[in-house]
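**Student:** This is the structure I have questions about; it appears just below.
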Ligand code: HEC
C-alpha cells in the first residue's frame, strides 16, 4: 500500500469517528444528569433540576416558553408535576405530547427519579 493510500484510509477513519462523535445526542442536548439511585428522598435541587435543565429548560424557560409551558422555577415545575403533565410527557403517555421534543426519551432511571419526586408531593428540597 502506498503512503498516499494509507494516509487516505486514516483520513476516512478519522472523519468517520468524528461524524459519529458529533451525532451523539448528549452533545446536542447536553449530557443527561447521571442517574445513580432512586432510593431514599429525591432532592429537587440536586436530582430533578439538573435533569430538567439538560432536557427541558432550554425550550421551556424565559419570557416565551414553548407551548406556553413554563418551567425552571420550583413553583412552575411543581405546577407541571401536580397537574400530571410532567410525568405524562416524559413517560410518553397517551394524550400527551412526548418530551423532550425532538430528543430521545429520558432513561427509565431518570423517569423514576422524577416520578418519585412527584409522588412525594414535588417538594422544594
Ligand atoms: C426543543 C424544544 C423542547 C424541548 C427540549 C422540550 N419541549 Fe416541551 N414543548 C415544546 C413545544 C414546541 C411544545 C408545544 C407543542 C407540543 O405540545 O408539542 C411543548 C409542549 C410541552 C408540554 C405541553 C404538552 C401537552 O401535552 O400538554 C409540556 C408539559 C412540556 N412541553 C414539557 C416538557 C418537558 C418536561 C421537557 C423535558 C423533558 C420538554 N418539554 C422539553 C418544546 C420543547
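Numbering (my numbering), first residue to last: 1433 to 1557. Built from N, CA and C at the ideal position, the CB exists for glycine as well.
Considering just the uninterrupted stretch of the alpha helix (DSSP H) at residue 1541, what are its terminal residues?
**Tutor:** By one-based count along the chain shown, residue 1541 stands at place 109. Its alpha helix (DSSP H) spans residues 1540-1551.
**Student:** Where does residue 1530 fall in DSSP's three states?
**Tutor:** Taking the chain shown and counting its residues from 1, the one referred to as residue 1530 is at position 98. Note: residue 1530 maps to coil in three-state DSSP.
**Student:** Quick one: Cα of residue 1492 to Cα of residue 1504, how far?
**Tutor:** As a first step, residue 1492 is located in the chain shown; it is residue number 60 there, counting from the start. As a first step, residue 1504 is located in the chain shown; it is residue number 72 there, counting from the start. Cα-Cα distance, rounded: 7 angstroms.
**Student:** Nearest to residue 1484 by alpha carbon, out of 1500, 1471, 1506, 1551?
**Tutor:** Numbered from its first residue, the chain shown carries residue 1484 at position 52. If we check each option's Cα against that of residue 1484, 1506 comes out closest.
**Student:** Kindly list the residues whose CB is nearer than 7 angstroms to the CB of residue 1521, restricted to its own chain and excluding five residues on each side of it in sequence; keep chain order.
**Tutor:** The sequence position of residue 1521 within the chain shown is 89, counting from 1. Answer for residue 1521: 1528, 1529, 1530, 1531, listed in chain order.
**Student:** If we ignore side chains and look at the alpha-carbon of each, how far apart do residue 1494 and residue 1472 end up?
**Tutor:** By 1-based counting over the chain shown, the position of residue 1494 is 62. By 1-based counting over the chain shown, the position of residue 1472 is 40. Using only the alpha carbons, I get a separation of about 32 angstroms.
**Student:** Out of 1509, 1515, 1541, point me to the one whose CA is closest to residue 1488's CA.
**Tutor:** Start at 1 with the first residue of the chain shown, and residue 1488 comes out as number 56. When each option's Cα is compared against that of residue 1488, the closest is 1509.
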